[in-house]
Amino acid sequence: MALADPTRRAILARLASGEASVTELAEPFAMTQPAISKHLKVLERAGLISRSHDAQRRPRRLEAKPLAEAAEWLENYRQYWEAAYQRLDDLLEELKIAKRKKRR
Amino acid sequence: MSTATLEVTTPSDREIALIRVFNAPRKLVFDCFTKCELLKRWGLGPRAWALTECKVDLRVGGAWRFVTTKNTGETMTMYGVFREVAAPERLVQTERFEQPWYPGEGLNTSTFLEEGGKTTMTIRCLYDSKETRDTVLKSGMEGGASVAYDRLAELLPAFAAEMETAK
Chain A
1 MALADPTRRA ILARLASGEA SVTELAEPFA MTQPAISKHL KVLERAGLIS RSHDAQRRPR
61 RLEAKPLAEA AEWLENYRQY WEAAYQRLDD LLEELKIAKR KKRR
Chain B
105 MSTATLEVTT PSDREIALIR VFNAPRKLVF DCFTKCELLK RWGLGPRAWA LTECKVDLRV
165 GGAWRFVTTK NTGETMTMYG VFREVAAPER LVQTERFEQP WYPGEGLNTS TFLEEGGKTT
225 MTIRCLYDSK ETRDTVLKSG MEGGASVAYD RLAELLPAFA AEMETAK
């Protein structure tokens with residue numbers, strides 16, 4: 001996933017504070033511009049960033065909506081399963097108590 | 105009350121990983137995932153769903169099949185085959201739904217690691233494509249596992265209402 005890579009997450013974090021050119025985005029990383037461009041392509045394909053119209057700098061900017069949606073799916077999915085596992089927690093407690101009683 | 109919470113990540117384009125710590129030895133946790141009499145007690149899902157039919161042939165090549173029934177009467181059937189069985193450490197199994205809501209087959213790899221009487225469970229679910237993986241992730245809200253809504257409504261009324269209006 002586009003968000004799985006730490007460099008890409010750092011790029012998104014940087015863009016959260018405003019548009020930036022490829023050169024500016026590459027600065028904090030020990031990476032070549034082509035390497036950064038690859039990461040930007042992944043983020044662009046995922047719809048998480050876009051290019052502004054300033055033809056010369058072609059700064060990238062954050063696309064907030066898909067990013068928020070992706071986070072929301074993940075959180076809903078997480079809550080669904082967390083609810084299931086909370087039921088399992090209860091069962092495990094019962095089983096542990098039953099075991100202890102047996103031992104006595 | 106347990107304070108453990110589930111961590112969900114996407115380690116690759118085609119995977120979802122679930123990581124959860126249970127306050128119990130792994131033998132017990134493993135049994136809760138593989139023995140029908142225990143599976144039925146926690147239902148393998150949120151409270152609105154019950155595991156009404158269960159078959160687990162726990163050996164390589166053995167089949168498993170679960171029918172879950174919602175309190176509204178709606179049922180969901182899933183099934184698959186065990187590819188690896190190393191109790192109580194590791195399980196690899198395929199997953200399909202009788203009314204498929206995602207294409208192809210899922211492959212779930214579960215590991216159970218015990219430390220100091222606690223068990224860390226990791227389930228990695230691998231799908232045919234990124235699109236399928238995303239469909240499954242989105243199912244937290246809709247699709248075959250529309251289930252989530254009920255539980256959400258139970259847990260977080262405000263949040264559920266908010267999502268309903270956003271639809």
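Protein chains in written order, with my numbering: chain A, 1 to 104; chain B, 105 to 271.
Here a beta-carbon is modelled for each residue, glycine too, at the ideal position from N, C-alpha and C.
DSSP links M180 of chain B through a beta bridge to B:T172. Given a length threshold of 3 residues, each whole run of the beta strand (DSSP E) inside the segment 22-61 of chain A is given here in chain order: 49-51.
Rounded to the nearest whole angstrom, the C-alpha separation of V171 of chain B and M180 of chain B is 6 Å. Taking C-beta atoms as the reference points, P66 of chain A and L48 of chain A count as a pair closer than 7 Å. Counting along the chain, no beta strand (DSSP E) covers W205 of chain B, and no H or E run does either.
Here DSSP, grouped into helix, strand and coil, assigns V125 of chain B to strand.
For L155 of chain B, the uninterrupted beta strand (DSSP E) segment begins and ends at W153 to V160.
Proximity of the segment 200-210 of chain B to the segment 231-241 of chain B meets the contact definition, three or more beta-carbon pairs being nearer than 8 Å.
Judged by DSSP secondary structure, R163 of chain B falls outside any beta strand (DSSP E); it is assigned neither H nor E.
R124 of chain B is not a Cβ neighbour of L142 of chain B, given a cutoff of 7 Å. The Cβ atoms of E199 of chain B and R130 of chain B lie no closer than 7 Å to each other.
Taken through DSSP and simplified to helix, strand or coil, R104 of chain A comes out as coil.
Counted as a single uninterrupted DSSP element, the stretch harbouring K139 of chain B is not any beta strand (DSSP E), since DSSP gives it neither H nor E. Interface residue (Cβ-Cβ distance to chain A less than 7 Å): G149 of chain B is classified as such. The beta carbon of G221 of chain B sits closer than 7 Å to the beta carbons of P129 from its chain, once the five residues preceding and following it are set aside; these are given in chain order.
T109 of chain B carries a coil assignment under DSSP once its states are collapsed to helix, strand and coil. In the DSSP assignment, R228 of chain B falls within the unbroken beta strand (DSSP E) covering K222 to L230.
Scanning chain A for C-beta atoms nearer than 9 Å to the C-beta of N127 of chain B yields D89, L92, E93 and K96, reported in chain order. Counting C-beta pairs with one atom in each stretch, the segment 154-166 of chain B and the segment 81-93 of chain A have fewer than three that are closer than 8 Å, which means they do not touch. In the DSSP assignment, R200 of chain B falls within the unbroken beta strand (DSSP E) covering R194 to F201.
The distance from the Cβ of A121 of chain B to that of T224 of chain B is about 12 Å, inconsistent with a contact at the 8 Å cut-off.
DSSP links T213 of chain B through a beta bridge to B:V196 and B:R228.
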